[in-house]
Amino acid sequence: MHRYRDKPQYTLKYRSALFDSVRWENFEARDDDIVITTSYKAGTTWMQGICAALVFQKPTPPSPQDELSPWLDANFAPVEEVLAQLEGLTNRRYIKTHLPLDGIPFLDEVKYIFIGRDGRDVFMSMWNHWHNMKPEVINELNNAPGRQGPAIPLPHEGVEDIAAGFDVWLNGSPFHWETNGFPFWSHLRHAATWWEYRHLPNILMVHFEDLLKDTDGEMRRISEYLGIPVNEDIWQDLVDGVSFDSMKSNAKNMAPGGSAGVWKDTSNFFHKGTNKRWQGVLSHEQNSAYAELALKECGPELAQWLELGGRID
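To get the working numbering, take the position in the sequence shown, counting from 1, and add 874.
Listed below in structure tokens is the structure:
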């Protein structure tokens, strides 16, 4: 847990073959920018779809999300190209990051939306995500000239068995200041950095479980936070447009990298869209180990929220 401060501080540089926090240092914000943040596999793409529906007032975005909502941290393209892409957007921008709050410059004029999820659900989704990445894409990132930080292991270089994979995820990290999250980064520590500043007026905490249970209500809450009036005449169309089935059927435009050939099966990026798939997969001992780690990393209040959800006002 971090010592409480009045304002978040950018103190750590997260650099790996996949992403680089330094890419944010030349970002120029606009007064109405939206930044969507999760560790990974906690509803980032879903929230991008929701923001697109609210910004454009249409069930689906007018262009692929890769063109409208880039992941600025990612090493998929030169940062100069991504910043130019963002500068060229004339709509209200909604930008994706997977950085903890101590790894990104905090901007008062930006509205941040953090999405939380039970770490066990994150792991189950991450396992599918990792195995769905094309090996040649992973190798290209690992072998990029001037790469800094750890490489991304191929799935067969880790562990093939999902239960054993959970133990590795729970007990290792590519970053020396983290203890869990292999092969990416710590979901729990990421959440703790944002939770500490949940009181700030430009941070909205949203939970994946609440989005599942009440998509309409959560979208109304997000719309109010963003200052976007609800148009009841088209509202149900917007809600329907961000359903799991709708987004999966339009995976080429909605999935990150969907138009760039990143995935073995692009539609499988939207794998299940459900929670609790870890039941019957993880042992009692593994569930206990996760609960103990979540309590240590997050404290009781955040650990409970990540597991169960509930609106944070």
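Heads up, the beta-carbon is just placed ideally off N, CA and C, and yes, glycines get one too. What you are looking at is a predicted structure, and each value in this text was computed from that prediction instead of being measured.
{"Asked": "Buried versus exposed, by CB contacts within 10 Å (16 or more), Arg1185", "Found": "exposed"}
{"Asked": "Three-state secondary structure assigned by DSSP to Val1080", "Found": "strand"}
{"Asked": "Close Cβ partners of Leu1169 (< 7 angstroms) along its chain, the five nearest in sequence each way excluded", "Found": "Ala1177"}
{"Asked": "Touching by the beta-carbon criterion (3+ pairs, under 8 angstroms), the region 921–938 and the region 1051–1070", "Found": "no"}
{"Asked": "Distance CB(Met911)-CB(Trp1068) smaller than 8 angstroms", "Found": "It is Thr, not Met, that sits at residue 911 in the sequence shown. Cβ distance < 8 angstroms, so Thr911 and Trp1068 count as in contact."}
{"Asked": "Span of the alpha helix (DSSP H), counted from its first residue to its last, around Tyr1099", "Found": "1089–1099"}
{"Asked": "Contact belief for Pro1048 with Leu1028 at Cβ below 8 angstroms, rounded distance in angstroms", "Found": "Rounded, the Cβ-Cβ distance is 14 angstroms, inconsistent with contact."}
{"Asked": "Option nearest Phe997 by Cα separation, candidates Ala1037, Ala1025, Ile987", "Found": "Ala1037"}
{"Asked": "Proximity to Gln939 [Cα-Cα], best of Ile969, Gly917, Leu957, Asp947", "Found": "Ile969"}
{"Asked": "Same chain, Cβ closer than 6 angstroms to Gly1183, five either side skipped, listed in chain order", "Found": "His1081, Glu1083, Asp1084"}
{"Asked": "Element boundaries [beta strand (DSSP E), containing Lys985]", "Found": "985–990"}
{"Asked": "Outcome for Asn949 when other beta-carbon atoms lying within 10 angstroms are tallied against a minimum of 16", "Found": "buried"}
{"Asked": "Environment of Pro933 [buried if 16+ CB atoms lie within 10 Å]", "Found": "buried"}
{"Asked": "Boundaries of the alpha helix (DSSP H) in which Thr971 is found, first to last residue", "Found": "Segment 968–971 is the beta strand (DSSP E) holding Thr971; no alpha helix (DSSP H) there."}
{"Asked": "Among Leu1156, Gly993, Trp1152, Val929, nearest to Leu1188 - alpha-carbon criterion", "Found": "Residue 1188 is absent from the structure shown; the chain starts at 875 and stops at 1187."}
{"Asked": "Neighbourhood of Val953 by C-beta, 6 angstroms cutoff - its chain only, sequence neighbours within 5 removed", "Found": "Arg897"}
{"Asked": "Cβ-based neighbour list, Phe893, same chain, cut-off 7 angstroms, excluding 5 preceding and 5 following", "Found": "Asp947, Ala948, Asn949, His972"}
{"Asked": "Member of Ala927, Gly917, Glu1181 whose CA lies at the smallest distance from the CA of Ile1108", "Found": "Ala927"}
{"Asked": "Residues that DSSP places opposite Val956 in a beta bridge", "Found": "Answer is none; Val956 lacks a bridge partner."}
{"Asked": "Reference Pro1019; option with closest CA among Asp880, Glu955, Ala1065, Ala951", "Found": "Ala951"}
{"Asked": "Pair within 8 angstroms by beta-carbon distance, Leu886 and Gly977", "Found": "yes"}
{"Asked": "Contact set for Gly917: own chain, Cβ-Cβ below 7 angstroms, skip 5 residues either direction", "Found": "Ile989, Arg991, Phe1082, Leu1085"}
{"Asked": "Where Asp1050 falls, given that 16 or more other Cβ within 10 Å makes a residue buried", "Found": "The displayed chain sequence assigns His, not Asp, to residue 1050. The residue is exposed, with fewer than 16 neighbouring Cβ atoms inside 10 Å."}
{"Asked": "N-terminal and C-terminal residue of the beta strand (DSSP E) that Val909 is part of", "Found": "908–911"}
{"Asked": "Helix, strand or coil at Arg889 according to DSSP, with G and I counted as helix", "Found": "strand"}
{"Asked": "Cβ separation of Tyr1164 and Gly1039, assumed to be a contact under 8 angstroms, to the nearest whole Å", "Found": "Tyr1164 to Gly1039, Cβ: 13 angstroms. No contact."}
{"Asked": "Beta-bridge partners of Ala1163, as assigned by DSSP", "Found": "DSSP lists no partner for Ala1163."}
{"Asked": "Status (buried if at least 16 other CB within 10 Å, exposed otherwise) for Phe1143", "Found": "Because the pLDDT of Phe1143 is 48, which lies under 50, any placement of that residue in the model is unreliable, and the question is left without a value."}
{"Asked": "Neighbourhood of Asn900 by C-beta distance below 8 angstroms, restricted to the same chain and skipping five residues each side", "Found": "Val953, Leu957"}
{"Asked": "Cβ neighbour criterion (16 or more within 10 Å) applied to Asp905", "Found": "exposed"}
{"Asked": "Rounded straight-line distance, which links the Cα of Val909 to that of Leu975", "Found": "12 angstroms"}
{"Asked": "DSSP state of Asp947 mapped onto helix, strand, coil", "Found": "coil"}
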